[in-house]
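Asker:
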């Protein structure tokens, strides 16, 4: 196994497993991103990372990205959004499904070897998050 050259075809993977892989890839990117921003304490990094990875934020990011997605990306998002799975009690079903769809999209980019596309989107995440309405 080579971490940077996935060997599995994304189309052969259950959409929830694709989202599971995407969750791990996104979490790793968030931690590296925060480290590069100069955050040097675990507690502060964790607090910041939680904001990036919470379902509400992931769902909002995806909704901003939807108009830019190509046909295959949109199909992955729809599969992820429509996947049946359990959701945490602290978030509504619709938000959780959009977050799952975002994670599936990241998993697709990763397993399909689309690192450049993924990085292009990830480079915009801070701007997208800052454009979101403040939390109530």
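In the numbering used here, the protein residues as written are 50 to 185. Using N, Cα and C, we set each Cβ at its ideal position, and we do this for glycine too.
I'd like the ranges of any beta strand (DSSP E) spanning at least 3 consecutive residues and lying wholly in the stretch 57-108.
Answerer: Segments of the beta strand (DSSP E) lying fully in the stretch 57-108: there are none.
Asker: In the structure shown, what three-state DSSP assignment does residue 173 receive?
Answerer: Looking at residue 173 - three-state DSSP - the assignment turns out to be coil, as it is neither helix nor strand.
Asker: Span of the alpha helix (DSSP H) holding residue 125?
Answerer: Start and end: 120-131.
Asker: If you drop the 5 nearest sequence neighbours on each side, which residues of the same chain put their C-beta closer than 8 Å to that of residue 134?
Answerer: Closer than 8 Å at the Cβ level, and outside the excluded window around residue 134, lie 65 and 149.
Asker: Does residue 138 come out as helix, strand or coil in the three-state DSSP assignment?
Answerer: Three-state result, residue 138: coil.
Asker: Taking 8 Å as the cut-off, decide whether the C-beta atoms of residue 129 and residue 68 are in contact.
Answerer: Contact flag set, yes.
Asker: Please work out which residues of its chain come closer than 7 Å, Cβ to Cβ, to residue 144, disregarding the five sequence neighbours upstream and downstream, and give them in chain order.
Answerer: Result list for residue 144: 104, 105 and 108, in chain order.
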